[in-house]
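Just below is one structure, and these are the notes that go with it.
Numbering (the working numbering), first residue to last: 9 to 232.
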């Protein structure tokens with residue numbers, strides 16, 4: 009195991025211990041010393057890894073946002089689909105340990121300050137998707153960018169809440185199907201089509217609701 013892996017495992021252990029204590033004793037009633045002791049780390053190590061108790065709850069979001077930002081910085085043939093794939097990456101992360109995710113959700117729901125911070129965290133995902141689409145599709149109407157970003161974020165959160173509020177696993181295919189529907193509703197689904205020969209006459213038909221920037225991208229991609 010590398011030093012990076014060990015550091016990640018240590019952070020995960022602290023997060024799990026903190027959420028367990030918050031669920032058992034309450035957020036305000038749990039001290040940093042108690043978390044550090046339960047996780048088997050020193051107080052200084054805790055503060056080196058996290059800034060405070062609230063940061064433990066939302067540590068996954070910080071790491072996940074960086075992961076998604078790195079993913080979106082890579083070349084993608086279809087920017088709209090890339091945003092949906094980023095949403096799936098986020099869902100897989102929380103679905104990997106549904107019991108931990110559910111306990112954390114319960115804690116956040118019980119503390120007003122944590123609920124407010126969660127709202128900010130959700131907006132950061134939406135803003136990341138919005139900014140990526142504007143950069144990836146020059147000329148895209150900002151309304152289309154923010155509209156699609158908000159739609160994907162809302163669909164993701166709806167499916168994730170089904171996981172967090174229930175007792176069973178929710179397959180990632182449920183989210184993927186919902187995102188496919190969202191792309192179709194927005195007119196940007198990458199539906200497969202026959203590849204034309206060099207001498208074919210091509211007639212392009214696009215949904216009226218498809219953003220002009222996406223029409224231009226698809227025509228440019230097809231024509232080479």
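For each residue, glycine too, the CB sits at the ideal point set by N, CA and C.
{"Query": "Compute the distance between the beta-carbons of residue 164 and residue 228, then report whether it is under 7 Å.", "Result": "no"}
{"Query": "Answer with buried or exposed for residue 55, where buried requires no fewer than 16 other C-beta atoms within 10 angstroms of its C-beta.", "Result": "exposed"}
{"Query": "Please give the ranges of any alpha helix (DSSP H) in the segment 61–145, keeping only runs that are unbroken, at least 4 residues long and fully inside the region.", "Result": "61–65, 67–80, 87–103, 106–118 and 120–144"}
{"Query": "Residue 189: which of 159, 90 and 52 sits nearest, CA to CA?", "Result": "159"}
{"Query": "What residues in its chain sit with their C-beta under 7 Å from that of residue 67, if we drop five residues either side in the sequence?", "Result": "19, 23 and 58"}
{"Query": "Terminal residues of the continuous alpha helix (DSSP H) containing residue 166?", "Result": "150–173"}
{"Query": "For residue 114, which option in 225, 161 and 33 has the closest C-alpha, if you only look at C-alpha atoms?", "Result": "33"}
{"Query": "What is the DSSP secondary structure of residue 194, reduced to helix, strand or coil?", "Result": "helix"}
{"Query": "Using DSSP with H/G/I as helix, E/B as strand and the rest coil, what is residue 203?", "Result": "Any reading at residue 203 must be qualified, since the residue scores a pLDDT of 49, below 50, and its modelled position is unreliable; no value is offered."}
{"Query": "Kindly indicate which three-state DSSP category residue 176 falls into: helix, strand or coil?", "Result": "coil"}
{"Query": "Look at the alpha carbon of residue 177 and the alpha carbon of residue 49, and state the distance between them as a whole number of angstroms.", "Result": "32 Å"}
{"Query": "What's the C-alpha gap between residue 62 and residue 217?", "Result": "42 Å"}
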